[in-house]
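Enquirer: Handing you a structure now.
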Amino acid sequence: MTLPRSQKQQRFVRIVGGLGGRAAEEVIFGEPEVTTGAAGDLQQITSLAKQMVTTFGMSEIGPWSLMDASAQSADVNMRMMARNSMSEKLAEDIDAAVKRISDEAAT
1 MTLPRSQKQQ
11 RFVRIVGGLG
21 GRAAEEVIFG
31 EPEVTTGAAG
41 DLQQITSLAK
51 QMVTTFGMSE
61 IGPWSLMDAS
71 AQSADVNMRM
81 MARNSMSEKL
91 AEDIDAAVKR
101 ISDEAAT
């Protein structure tokens, strides 16, 4: 019997899948020859990893949402203002947590 995946596992699996195209290019062409074709995939997986950290509390930073509704707005100015309202240390911690998720998915 297969157990259902947790929400965190489901999101992580989506990130792993999103990195598949780039990984295939690295294997076939070598890292120096990776094309820009994976740019959209990289944007999506970065966004998903950031949501895991800032919206769903799925990181070591803590089990709470770090972004309010204005930060999730499509308005770039609103997102920038929300980012500026947090401490530099917290912003660095968020970036590090997003990178850890992406790096773990890539291995």
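For the sequence shown, the residue numbers in our numbering are 1 to 107. In this text, a Cβ means the ideal position worked out from N, Cα and C, and glycines have one as well.
Looking at C-alpha atoms only, which residue of S6, R5, R14 is the closest neighbour of A105?
Expert: As a working mapping, residue 105 is identified with position 105 in the sequence shown. Selected option, being the one with the closest Cα: R14.
Enquirer: Keeping to the same chain, check which residues put their C-beta closer than 7 angstroms to that of V98; ignore five residues upstream and five downstream.
Expert: As a position in the sequence shown, residue 98 is number 98, starting the count at 1. The answer, listed in chain order, is T46, A49, K50, V53.
Enquirer: If you count every other CB in all the chains shown that lies within 10 Å of the CB of I28, and 16 or more means buried, which is it?
Expert: In the sequence shown, counting from the first residue as 1, residue 28 sits at position 28. Exposed, because fewer than 16 other Cβ atoms sit within 10 Å of the Cβ of I28.
Enquirer: Which of helix, strand or coil does DSSP assign to F29?
Expert: Your numbering for residue 29 matches position 29 in the sequence shown. It is helical.
Enquirer: Let me know the secondary structure DSSP gives E60 once reduced to three states.
Expert: In the sequence shown, counting from the first residue as 1, residue 60 sits at position 60. Residue state, collapsed to three classes: coil.
Enquirer: Could you tell me the alpha carbon to alpha carbon distance between R11 and I101, rounded to whole angstroms?
Expert: By one-based count along the sequence shown, residue 11 stands at place 11. By one-based count along the sequence shown, residue 101 stands at place 101. Near 10 angstroms, if we compare the C-alpha coordinates of I101 and R11.
Enquirer: By how many angstroms is the C-alpha of S87 removed from the C-alpha of D16?
Expert: Numbered from its first residue, the sequence shown carries residue 16 at position 16. Numbered from its first residue, the sequence shown carries residue 87 at position 87. Before going further, note that residue 16 is Val rather than Asp in the sequence given. When rounded, the distance between both Cα atoms is 30 angstroms.
Enquirer: Let me know the secondary structure DSSP gives S65 once reduced to three states.
Expert: Taking the first residue of the sequence shown as position 1, residue 65 is located at position 65. Coil.
Enquirer: Tell me the rounded alpha-carbon separation between E92 and W64.
Expert: Against the sequence shown, residue 92 aligns to sequence position 92. Against the sequence shown, residue 64 aligns to sequence position 64. E92 and W64: Cα-Cα distance of roughly 17 angstroms.
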